[in-house]
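To start, the structure itself, in structure tokens.
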Amino acid sequence: MSARHNAAFELVRLEHDSVVSGLALLSKSKKSGAPGNPNFSRDRVEAGIASAGDAYALLLIAVGEGFMREYLVLAGVRIGEEPKLSSLIDQSVKQLCDGMSKQQKRAQRNMIDVPAVHSLRQNRNDYAHGHERNVFPSIGKVESILGKFFGPFP
Amino acid sequence: MPHDYIIPAWLDQAQGVDYTPEKQILTNLETWAFEKGWEVTNGSTLPFDLSQRTDVMLKKPNSDRRIRVAILRKKGNRGSIRLDTSNLRTFELVYRPRAKKWRLEVSAVPLAEDMQAWGWDRLADLAFKP
Chain A
882 MSARHNAAFE LVRLEHDSVV SGLALLSKSK KSGAPGNPNF SRDRVEAGIA SAGDAYALLL
942 IAVGEGFMRE YLVLAGVRIG EEPKLSSLID QSVKQLCDGM SKQQKRAQRN MIDVPAVHSL
1002 RQNRNDYAHG HERNVFPSIG KVESILGKFF GPFP
Chain B
5 MPHDYIIPAW LDQAQGVDYT PEKQILTNLE TWAFEKGWEV TNGSTLPFDL SQRTDVMLKK
65 PNSDRRIRVA ILRKKGNRGS IRLDTSNLRT FELVYRPRAK KWRLEVSAVP LAEDMQAWGW
125 DRLADLAFKP
């Protein structure tokens, strides 16, 4: 596992966990009504926690995107000004596996679970484009998928 | 008495993606819920933001206990389902296509390799344990 990447992802997850703990306390404190906010309700706090989950999932994916961009630039790969996340993922994997045998490449791709990262990208795109319904994996799961992916990266 | 199972229509509208494992585990979960006296709905009575993230809602009558079930969209054959409880705990079911079993996880940490064998009673106990 790459400690550098994991530390960055963990920082985001810890912030998420703190925000959720704070909101959870709020939701337990009163059944309805809150000083200065007549529209307060526990359901809205629960919805807020779900929205916080989405926001931090997007942030984790953005942090991962930044790492891919940095890796490719340092490796001297031309990526253009606004590369798509899909090509960043594929180019990063291609660069990582450069010089490996076919078998090694397959093993590496399996180890870092490339489809799971593409699946997160799909989640992000669906969310950003306002599709009617989109659900992210839990923050812990998103962190785990990205941590696994970046494990062998420098 | 026959029950009305809630199977989200979008599962059959996804082109080229087979959601059969999701439908099977949902049916299994709902059967358990009916047997234990939980109400099973599509969550449409929830506030908008929550109903958008809910495919099936299980609610224990005369109690605050509620479980929101959301099936994650997938491209291949590796499905995931989120279970969010009213006491703000999240569990995930992850499908293992080779074993044809659902693994139960919390924050990516496996709790059980075969959810159906492990049992919904144990999950409910764990979810609402103080």
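Line order of the protein sequences matches chains A and B.
Residues 882 to 1035 (the numbering used here) make up the first sequence, in order.
Residues 5 to 134 (the numbering used here) make up the second sequence, in order.
Glycine included, C-beta positions come from ideal geometry on N, C-alpha and C.
- Contact between A889(A) and V954(A) is ruled out by a C-beta separation of about 17 Å, above the 8 Å threshold.
- For the 8 Å CB-CB criterion, H897(A) and I1026(A) do not form a contact.
- Measuring C-alpha to C-alpha distances from S968(A) to each of K983(A), S982(A), M949(A) and F921(A) identifies M949(A) as the nearest.
- Beta-bridge analysis with DSSP links P114(B) to E109(B).
- Residue pairing from DSSP places I71(B) in a beta bridge opposite L62(B) and T89(B).
- A straight-line Cα-Cα distance of about 12 Å links D118(B) and P101(B).
- Comparing alpha carbon positions, the residue from G1011(A), F1017(A) and F1030(A) closest to C978(A) is F1030(A).
- If you ignore the 5 residues before and after A933(A), its C-beta comes within less than 8 Å of the C-beta of H897, V900, V901 and L904, all in its own chain and listed in chain order.
- Contact with chain B is found for E927(A), since one of that chain's Cβ atoms lies less than 8 Å from the residue's Cβ.
- Contact of E34(B) with chain A by beta-carbon distance below 9 Å is absent, the smallest such distance being about 19 Å.
- Contact annotation for A931(A) against chain B: D53, L54, R57 and D88 [CB-CB distance below 8 Å, chain order].
- Our two residues, F1017(A) and Y952(A), have alpha carbons roughly 26 Å apart in a direct line.
- Ranking K104(B), G20(B) and L62(B) by CA distance to the CA of D88(B) puts L62(B) first.
- Of the other Cβ atoms in all chains shown, 16 or more fall within 10 Å of the Cβ of F95(B); this residue is therefore buried.
- Judged by beta-carbon spacing, L54(B) lies beyond the 8 Å limit of R77(B), meaning their Cβ atoms are not closer than that value.
- Below the 7 Å Cβ cutoff, chain A contributes S1019 as neighbours of T94(B), in chain order.
- DSSP places Y23(B) outside any beta strand (DSSP E), giving it a letter other than H or E.
- For the 8 Å CB-CB criterion, I993(A) and G1032(A) form a contact.
- Sequence-distant partners of I11(B) (beyond 5 residues in either direction) whose C-beta falls short of 8 Å from its own C-beta, in its chain, are K27, L30 and T31.
- In this structure, DSSP gives R102(B) a state outside helix and strand, which the three-state scheme calls coil.
- For I960(A), same chain residues with a beta-carbon under 8 Å away, outside a window of 5 residues either side, are R950, L953, V954, S968, L969 and Q972 in chain order.
- Listed along chain B are L92, each with a C-beta nearer than 8 Å to that of A905(A).
- Rounded to whole angstroms, the gap between the alpha carbons of V98(B) and S84(B) is 5 Å.
- Counting of Cβ neighbours within 10 angstroms places R70(B) among the buried residues, the total reaching 16 or more.
- In the three-state scheme derived from DSSP, where H, G and I count as helix and E and B as strand, V926(A) is classed as helix.
- Contacts with chain A at 8 Å (Cβ-Cβ) include K78(B).
- Taking the Cα positions, Q989(A) is about 43 Å away from L906(A).
- The C-alpha of R1005(A) lies about 10 Å from the C-alpha of L966(A).
- For S67(B), the nearest beta carbon of chain A is not closer than 8 Å to its own beta carbon.
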